[in-house]
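S.K.: The following block contains the structure, expressed as structure tokens.
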DNA sequence: CAGATGACAGATTTCAATATCTGTCATCTG
DNA sequence: CAGATGACAGATATTGAAATCTGTCATCTG
């Protein structure tokens with residue numbers, strides 16, 4: 001769009017790459033497109049990112065990190081009832097994903113492809129961060145005597161995996177169906193019952 | 001293989017279609033291939049199945065029904081402890097899927113494509129049958145005073161969805177990883193804890 | 001006449017030629 | 001001389017013509 005006289009930074013490249021991905025989709029967005037949009041040669045892009053895959057990874061990480069940050073607020077919330085906090089966290093995650101999928105389906109499809117490409121690396125770390133947050137919530141719940149769990153990390157992992165259907169993009173098609181909301185509640189209810197400490 | 005002089009039945013067509021799918025894969029298996037393998041014209045195949053999609057659906061249903069039947073035995077088991085029976089059912093489902101995926105990865109990939117094609121119809125019914133079995137186990141558990149659940153069907157649905165990761169072919173890649181077994185146990189433990197009746 | 005056939009139209013797939021892209025690097029420029 | 005360039009080789013994607021497939025149906029055959 002603009003010839004942009006500003007210095008070429010990794011940050012500007014990432015912004016432009018997002019834009020190009022939004023416009024062209026994951027299959028047709030090329031490094032040459034990104035360079036063209038920035039008004040530079042594609043060789044310059046390779047000065048900041050070693051490969052096209054690395055560039056895509058960086059964009060994907062940015063996108064995932066936005067969600068991680070959003071949820072961190074809930075973990076940090078002080079003195080809430082552990083069960084309520086765990087439910088709030090899971091609900092916020094589901095809501096965030098559902099909103100992304102619903103508001104801009106094409107962009108969501110683009111990121112679904114990107115995350116599939118980096119399942120083992122970037123997405124793996126993202127999931128580790130999320131289960132880390134969950135572990136923190138469970139740990140606090142155990143400390144408060146509200147939850148019973150031998151190992152908070154194991155329990156958190158189980159909770160995360162048991163709710164895959166409500167955050168894995170693979171199931172996005174199910175998220176706007178009539179029963180989705182009550183299905184979610186039923187799973188969360190069952191999991192919270194399983195965590196709750198016996199008197 | 002053989003020119004087969006026997007009468008052309010839907011059953012024989014299904015058997016041959018399985019064979020052709022096994023050989024050629026889902027992308028390249030054509031109705032013409034099936035007809036050729038049977039030594040008939042493809043018009044004759046269309047006398048038994050209205051479309052190629054209908055033929056594929058029928059094959060897929062056969063395949064899924066084999067698993068349904070396997071699990072029905074566990075539901076029918078008399079007088080077992082409800083928790084043990086539920087665990088056995090979930091374990092058998094996971095084991096059956098994992099075996100299929102591991103023993104013949106190409107065939108499993110073929111059926112993964114087929115089930116994706118018929119997600120709304122055949123697979124939907126298959127899932128309904130499985131959750132029906134689960135509901136029966138939960139209902140019996142509630143009757144025996146071992147489980148607490150307002151609505152057994154809802155609880156069964158929640159258990160099924162919470163274990164998606166261990167039966168949805170989408171996750172097949174995870175099933176042979178080191179942690180899979182203990183991840184499975186952690187989720188099932190948590191779910192059983194959630195179902196268990198309080199004294 | 002129940003059931004099989006194969007020619008056919010329109011849709012889909014294959015294939016090979018062509019164009020574009022990725023990643024490198026010798027060269028240029030401020 | 002730090003940073004940008006663009007020519008280049010090999011890999012990948014696009015394209016359009018030809019081949020194959022799907023689904024129908026008038027016709028044939030036991």
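Protein chains in written order, with the UniProt record's numbering: chain A, 1 to 199; chain B, 1 to 199. In this text, a Cβ means the ideal position worked out from N, Cα and C, and glycines have one as well.
1. Using a Cβ-Cβ cutoff of 7 Å, what residues of the segment 173–194 of chain B are near chain A? List them in chain order.
2. Per DSSP, what kind of secondary structure is residue 56(B) in: helix, strand or coil?
3. Looking at the strands, I want to know which residues DSSP matches up with residue 196(A).
4. Work out the CA separation of residue 70(A) and residue 19(A) for me, nearest whole Å.
5. Does any CB atom of chain B fall closer than 7 Å to the CB of residue 42(A)?
6. Of the choices 114(A), 127(A), 96(A), whose alpha-carbon is the least far from that of residue 28(A)?
7. Considering just the uninterrupted stretch of the alpha helix (DSSP H) at residue 153(B), what are its terminal residues?
8. Enumerated in chain order, which unbroken segments of the alpha helix (DSSP H) with a length of 4 residues or greater are wholly contained in the segment 74–158 of chain B?
9. Using 7 Å as the threshold, is the C-beta distance between residue 112(B) and residue 169(B) below it?
10. Go to residue 16(B), then tell me how far its alpha helix (DSSP H) extends in each direction, as first and last residue.
11. Could you check whether the Cβ of residue 164(A) sits closer than 7 Å to any Cβ belonging to chain B?
12. For residue 177(A), is the classification buried or exposed, using 16 other Cβ atoms within 10 angstroms of its Cβ as the cut-off for buried?
13. The alpha helix (DSSP H) with residue 41(A) in it runs from where to where?
14. Counting only beta-carbon atoms, is residue 170(A) nearer than 7 Å to chain B?
15. Measure how close the beta-carbons of residue 8(B) and residue 40(B) come, nearest whole angstrom, since I'm counting them as under 8 Å.
16. Name the chain A residues whose beta carbon is nearer than 7 Å to that of residue 157(B)?
17. Which residues of the segment 123–151 of chain B have a Cβ closer than 7 Å to any Cβ of chain A? Give them in chain order.
18. Report the option in 165(A), 158(A), 198(A), 196(A) whose CA atom is closest to the CA atom of residue 183(B).
19. Pick from 172(B), 79(B), 193(B), 54(B): whose alpha carbon is nearest that of residue 108(B)?
20. Are the CB atoms of residue 84(B) and residue 74(B) nearer to each other than 7 Å?
21. Which word fits residue 78(B), buried or exposed, when buried means at least 16 other C-beta atoms lie within 10 angstroms of its C-beta?
22. Count the C-beta pairs between the segment 180–196 of chain B and the segment 136–148 of chain B that are closer than 8 Å, then say yes if the count reaches three, no if not.
23. Quick one: grab the DSSP three-state call for residue 7(A).
24. Using the Cβ count rule (16 or more neighbours within 10 Å means buried), how would you classify residue 81(B)?
25. Out of 125(A), 140(A), 131(A), which one is the CA nearest neighbour of residue 161(A)?
26. Which residues in the same chain as residue 46(A) place their Cβ atom closer than 8 Å to its Cβ, once the five residues preceding and following it in sequence are excluded?
27. Is residue 85(B) close to chain A, meaning its C-beta is less than 7 Å from at least one C-beta of that chain?
28. To the nearest angstrom, how far is it from the Cα of residue 122(A) to the Cα of residue 54(A)?
29. Check the Cβ-Cβ distances between residue 154(B) and every residue of chain A, and say whether any is below 7 Å.
30. I'd like to know if residue 161(B) contacts chain A, where contact means its C-beta is closer than 7 Å to some C-beta of that chain.
31. Please list, in chain order, all residues of the same chain as residue 163(A) whose beta carbon is under 7 Å from its beta carbon, the five residues on each side excluded.
32. Please name the residue, chosen from 117(A), 64(A), 26(A), 166(A), that lies closest to residue 98(A) on a Cα-to-Cα basis.
33. Under a three-way DSSP split, which group does residue 67(A) fall into?
34. Mapping the DSSP letters down to three states, classify residue 167(B) as helix, strand or coil.
35. To the nearest angstrom, how far is the alpha carbon of residue 10(B) from that of residue 117(B)?
M.R.: Straight from the coordinates:
1. 183, 186, 187, 190, 191, 193, 194
2. The sequence position of residue 56(B) within the second chain is 56, counting from 1. Residue state, collapsed to three classes: helix.
3. Walking along the first chain from the start, residue 196(A) turns up at place 196. Residue 196(A) is bridged to 147(A).
4. The sequence position of residue 19(A) within the first chain is 19, counting from 1. The sequence position of residue 70(A) within the first chain is 70, counting from 1. Their Cα atoms are separated by approximately 22 Å.
5. As a working mapping, residue 42(A) is identified with position 42 in the first chain. No - not a single Cβ of chain B is within 7 Å of the one on residue 42(A).
6. Counting from one through the first chain, the residue named residue 28(A) turns up at place 28. Ranking the options by Cα distance to residue 28(A), first place goes to 114(A).
7. On the second chain, residue 153(B) is found 153 positions in, with the first residue counted as 1. First-last of the alpha helix (DSSP H) with residue 153(B): 152–162.
8. 82–103, 105–117, 122–143
9. Taking the first residue of the second chain as position 1, residue 112(B) is located at position 112. Taking the first residue of the second chain as position 1, residue 169(B) is located at position 169. The Cβ atoms of residue 112(B) and residue 169(B) lie closer than 7 Å to each other.
10. For the purposes of this step, residue 16(B) is taken as residue 16 along the second chain, with counting starting at 1. Taken as a continuous stretch (DSSP letters only), the alpha helix (DSSP H) holding residue 16(B) covers 10–24.
11. The count along the first chain starts at 1 and reaches residue 164(A) at position 164. So, interface residue.
12. Along the first chain, one-based indexing puts residue 177(A) at 177. So residue 177(A) ends up on the exposed side.
13. For the purposes of this step, residue 41(A) is taken as residue 41 along the first chain, with counting starting at 1. Note, residue 41(A): premise wrong, no alpha helix (DSSP H); not H, not E.
14. To locate residue 170(A), count along the first chain from 1; it is residue 170. Yes, because at least one Cβ of chain B sits closer than 7 Å to the Cβ of residue 170(A).
15. Translated into the one-based positions of the second chain, residue 8(B) becomes position 8. Translated into the one-based positions of the second chain, residue 40(B) becomes position 40. About 6 Å separates the two Cβ atoms, so the contact holds.
16. Position 157 of the second chain holds residue 157(B). Chain A residues near residue 157(B): 183, 186.
17. none
18. Here residue 183(B) corresponds to residue number 183 of the second chain, with the count starting at 1. The shortest Cα separation from residue 183(B) among 165(A), 158(A), 198(A), 196(A) belongs to 158(A).
19. Residue numbering aside, residue 108(B) sits at position 108 when the second chain is read from its first letter. The shortest Cα separation from residue 108(B) among 172(B), 79(B), 193(B), 54(B) belongs to 172(B).
20. To locate residue 84(B), count along the second chain from 1; it is residue 84. To locate residue 74(B), count along the second chain from 1; it is residue 74. No, these two residues do not count as a Cβ contact at 7 Å.
21. As a working note, residue 78(B) is residue 78 in the second chain. By the 10 Å Cβ count, residue 78(B) comes out exposed.
22. yes
23. Numbered from its first residue, the first chain carries residue 7(A) at position 7. Coil at residue 7(A), not helix or strand.
24. Position 81 of the second chain, counting from 1, holds the residue named residue 81(B). Only exposed fits residue 81(B), as fewer than 16 other CB atoms lie within 10 angstroms of its CB.
25. Start at 1 with the first residue of the first chain, and residue 161(A) comes out as number 161. When each option's Cα is compared against that of residue 161(A), the closest is 131(A).
26. Counting from one through the first chain, the residue named residue 46(A) turns up at place 46. Counting only Cβ-Cβ distances below 8 Å, and skipping sequence neighbours, we find 31.
27. Here residue 85(B) refers to the residue found at position 85 when the second chain is read from its first residue. Cβ-Cβ to chain A under 7 Å: no for residue 85(B).
28. Looking up residue 122(A) in the first chain gives position 122. Looking up residue 54(A) in the first chain gives position 54. Each residue's Cα considered, the two are about 10 Å apart.
29. Translated into positions along the second chain, residue 154(B) becomes position 154. For residue 154(B), the answer is yes, since a Cβ of chain A falls inside 7 Å of its Cβ.
30. One-based indexing of the second chain puts residue 161(B) at position 161. For residue 161(B), the nearest beta carbon of chain A is closer than 7 Å to its own beta carbon.
31. Counting from 1 along the first chain, the entry for residue 163(A) is found at position 163. Correct list, in chain order: 90, 187.
32. As a working mapping, residue 98(A) is identified with position 98 in the first chain. If we check each option's Cα against that of residue 98(A), 166(A) comes out closest.
33. Counting from 1 along the first chain, the entry for residue 67(A) is found at position 67. Helix, per DSSP.
34. Start at 1 with the first residue of the second chain, and residue 167(B) comes out as number 167. Here residue 167(B) sits in coil by DSSP.
35. Walking along the second chain from the start, residue 10(B) turns up at place 10. Walking along the second chain from the start, residue 117(B) turns up at place 117. Residue 10(B) and residue 117(B): Cα-Cα distance of roughly 21 Å.
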